[in-house]
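Respectively, the protein sequence lines represent chains A and B. Be aware that the first sequence starts at 1, since it is given in the numbering used here, and climbs by one per residue. Be aware that the second sequence starts at 1001, since it is given in the numbering used here, and climbs by one per residue. Even for Gly, the Cβ is constructed at its ideal location relative to N, Cα and C. Keep in mind that this is a model prediction, so the values were computed, not measured.
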Amino acid sequence: GNSVTQMEGPVTLSEEAFLTINCTYTATGYPSLFWYVQYPGEGLQLLLKATKADDKGSNKGFEATYRKETTSFHLEKGSVQVSDSAVYFCALRLSGTYKYIFGTGTRLKVLA
Amino acid sequence: DAGVIQSPRHEVTEMGQEVTLRCKPISGHNSLFWYRQTMMRGLELLIYFNNNVPIDDSGMPEDRFSAKMPNASFSTLKIQPSEPRDSAVYFCASSFVDRGSPLHFGNGTRLTVT
């Protein structure tokens, strides 16, 4: 079946460290891929997206590349800040449908 | 753009009481989703509307849950009677699915049933 698998958290980093949060997926067809971020007490916000293979989504220093050969969409940032502390969700939307599948979320904590 | 607006932000009620959650989607979006978030089960889709019509309600837990969308700018999720296991954060999200636009979430309603 269709699914999204994220690395277990929490991830704790020092400020200015490099961040990678792994995400792999299983899906029929050609899904669109997303990273959402959720800050405490708020809803999920779109961070970046990619709609086809080899696309790179980027926003606020975060990047992720749609890798069809490895069915992955890993989130990276070169230098994290305390303000990046949040829960990050990888998600896919099945092609031609409204159906979204979310990962379980990865909590990131950045220490000053 | 005011974003998706949900009310109330917090709701505390006693078991057996009726609870109504409200949502105003982003103007121009034709799709509306209700999700429930818990630590145990993560994000669960409860119901999906397209052009105000319920398309998929397979995620609605039981008959105690009902949702309506009387017009393009308003939706409600009602729980009657409420139970402690309904305690969760309920999110509304809207989108223009036909154009492949992403989901836009509200800030959620935190429901506590005692």
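query                                                                                                                                                                                      : result
Comparing alpha-carbon positions, which option in A:G78, A:K68, A:E42 lies nearest S134 (chain A)?                                                                                         : The structure shown has nothing for residue 134 (chain A), since chain A only spans 1 to 112.
So what does DSSP say about P31 (chain A), is it helix, strand or coil?                                                                                                                    : coil
Report yes or no: do three or more beta-carbon pairs, one from the stretch 1064–1084 of chain B and one from the stretch 1016–1028 of chain B, lie closer than 8 Å?                        : yes
Which class does D997 (chain B) belong to by DSSP, given the choice of helix, strand or coil?                                                                                              : The structure shown has nothing for residue 997 (chain B), since chain B only spans 1001 to 1114.
Tell me, which residues are paired with H1010 (chain B) by DSSP?                                                                                                                           : B:R1110
For the putative contact between T104 (chain A) and V11 (chain A), defined by C-beta atoms under 8 Å, what is the C-beta separation to the nearest angstrom?                               : 13 Å between Cβ atoms; not a contact.
Report the three-state DSSP secondary structure of V1004 (chain B) (helix, strand or coil).                                                                                                : coil
Run through DSSP, which three-state label would S1101 (chain B) get?                                                                                                                       : coil
On the DSSP bridge assignment, give the partners of N1050 (chain B) in chain order.                                                                                                        : B:S1031, B:V1053
Mapping DSSP to helix, strand and coil, what is V80 (chain A)?                                                                                                                             : coil
Name the two residues that bound the continuous beta strand (DSSP E) containing I120 (chain A).                                                                                            : What the structure shows of chain A is the stretch from 1 to 112, and residue 120 (chain A) is not part of that stretch, so it cannot be assessed.
Kindly list the residues whose CB is nearer than 6 Å to the CB of V87 (chain A), restricted to its own chain and excluding five residues on each side of it in sequence; keep chain order. : Q38, G105, R107
Name the chain B residues that come within less than 9 Å of E63 (chain A), Cβ to Cβ?                                                                                                       : By Cβ distance, chain B contributes nothing, its closest Cβ being about 17 Å from E63 (chain A), past 9 Å.
Just checking my contact of L19 (chain A) with E76 (chain A) at CB under 8 Å: how many whole Å lie between their CB atoms?                                                                 : 6 Å
Assign L10 (chain A) to one of three DSSP states: helix, strand, or coil.                                                                                                                  : Sequence check: residue 10 (chain A) is Pro here, not Leu. Looking at P10 (chain A) - three-state DSSP - the assignment turns out to be coil, as it is neither helix nor strand.
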